[in-house]
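All letters in the sequence shown, in the order written, are residues 15 to 116 by the working numbering.
See structure below.
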Amino acid sequence: MYAIIKNGGKQYKVQEGDVLLLDKMSLEPKAIIEINEVLAVNAGELKMGAPYVDGAVVTAEVINEGRDRKVVIFKKRRRKDSKVKRGFRRDFTRVRITKIAA
Numbered sequence: 015m016y017a018i019i020k021n022g023g024k025q026y027k028v029q030e031g032d033v034l035l036l037d038k039m040s041l042e043p044k045a046i047i048e049i050n051e052v053l054a055v056n057a058g059e060l061k062m063g064a065p066y067v068d069g070a071v072v073t074a075e076v077i078n079e080g081r082d083r084k085v086v087i088f089k090k091r092r093r094k095d096s097k098v099k100r101g102f103r104r105d106f107t108r109v110r111i112t113k114i115a116a
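If you want it as structure tokens, here you go:
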């Protein structure tokens with residue numbers, strides 16, 4: 015059984031027991047969250063939502079929060095003496111999927 019959920023403008027395919035990084039939610043570890051934005055559920059047969067599946071809920075447990083590795087953005091325009099260096103670190107909430115209810 016798997017589900018496709020939406021979080022922070024991104025879509026994730028999840029199964030029970032999966033660990034994934036979602037956008038930061040400012041929650042304590044061991045907190046339980048319910049994700050209602052379920053786009054599709056496959057439990058033998060595929061149920062598609064329009065845009066969400068009615069009554070489908072994905073339950074997850076918060077493991078921790080943190081920051082990703084730095085991504086360096088470097089732009090250079092040749093022969094123009096123009097360059098820009100920027101860095102970006104994404105804040106995330108690590109969760110474990112505990113239950114998919116359709």
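Even glycine gets a Cβ: it sits at the ideal position worked out from N, Cα and C.
Just so it is clear, the structure is predicted and the values come from calculations on it, not from any experiment.
Would you identify the three-state DSSP class for residue i, choosing helix, strand or coil?
i, result
"residue 53", "strand"
"residue 75", "strand"
"residue 96", "strand"
"residue 41", "coil"
"residue 66", "coil"
"residue 30", "coil"
"residue 17", "strand"
"residue 83", "coil"
"residue 104", "coil"
Just to check my reading of the structure: residue i and residue j have Cβ atoms closer than 8 Å, yes? What is that Cβ distance to the nearest angstrom?
i, j, result
"residue 6", "residue 100", "It is not possible to answer for residue 6, since the shown part of the chain is limited to 15 through 116."
"residue 82", "residue 38", "That belief does not hold up - the Cβ atoms of residue 82 and residue 38 are roughly 11 Å apart, past 8 Å."
"residue 18", "residue 24", "11 Å between Cβ atoms; not a contact."
"residue 8", "residue 114", "The structure shown does not extend to residue 8, since the chain spans only 15 to 116, so no value can be given for it."
"residue 36", "residue 50", "14 Å between Cβ atoms; not a contact."
Which residues does DSSP pair with residue i in a beta bridge?
i, result
"residue 59", "According to DSSP, residue 59 bridges with nothing at all."
"residue 112", "In the DSSP output, where bridge partners are listed per residue, residue 112 has none listed."
Tell me which residues share the same chain as residue i and place their Cβ nearer than 8 Å to its Cβ, disregarding the 5 neighbours each side in the sequence.
i, result
"residue 54", "17, 18, 60, 61, 62, 63, 67"
"residue 65", "53"
Short of 6 Å in beta carbon distance, which residues of its chain neighbour residue i, apart from the five on each side in sequence? Order them along the chain.
i, result
"residue 86", "101"
Enumerate in chain order the residues of its own chain whose CB-to-CB distance from residue i is below 7 Å, with the five nearest sequence positions on each side excluded.
i, result
"residue 98", "89"
Would you check if the stretch 76-90 and the stretch 31-45 touch, i.e. whether three or more CB-CB distances between them fall below 8 Å?
yes
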